[in-house]
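Okay, so the sequence shown: first residue is 2 according to the numbering used here, each after it adds one. Below you'll find the structure, written out as structure tokens, and then a few comments.
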Amino acid sequence: MSGTHEVIDKLPQKYATRLGRRFKHGGQLSQGEWQKVAIARALVRHARVTILDEPTSWMDPESEYRFFQYFHEMEKGKTAIMISHRLNTVAWPT
């Protein structure tokens with residue numbers, strides 16, 4: 002989806018790992034990994050309207066490219082609003 006499976010697959014207990022410092026032995030993620038998890042949670046709901054604010058700001062270029070490929074395929078026929086300061090993010094070809 003957003004590269005989330007690869008992130009989760011590296012965690013000690015995979016999908017059962019609790020994330021964050023509050024938990025004993027909680028999984029730690031980079032800013033980009035947190036962003037991927039948040040995007041996956043938003044997209045899995047299959048809402049008719051999706052609003053994303055700076056969705057790829059912490060992603061590396063390869064992850065950003067994969068995200069947009071997936072996002073444009075999944076959001077066909079739906080309303081998507083993307084907010085970004087980066088022209089290449091909002092000018093992605095449809």
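Cβ coordinates follow ideal geometry from the N, Cα and C atoms, glycine included.
Item: Whole-number beta carbon distance between Met-75 and Gly-33, since they are thought to touch under 8 angstroms; Value: Not quite, the Cβ-Cβ distance comes to about 20 angstroms (not below 8 angstroms), so this is no contact.
Item: Under 7 angstroms between C-beta atoms of Thr-57 and Phe-68; Value: yes
Item: Helix, strand or coil at Asp-54 [DSSP, three-state]; Value: strand
Item: Lys-77 vs Arg-49 beta-carbon contact at 7 angstroms; Value: no
Item: Separation of Ile-82 from Glu-7, as counted between CA atoms; Value: 26 angstroms
Item: Residue of Ala-17, Thr-5, Arg-87 minimising C-alpha distance to Glu-55; Value: Arg-87
Item: Close beta carbons around Gln-36, own chain, < 6 angstroms, minus the five adjacent residues each side; Value: Trp-59
Item: Backbone secondary structure at Ala-81 - three-state DSSP; Value: strand
Item: Residue interval of the alpha helix (DSSP H) (run including Gln-32); Value: 32-44
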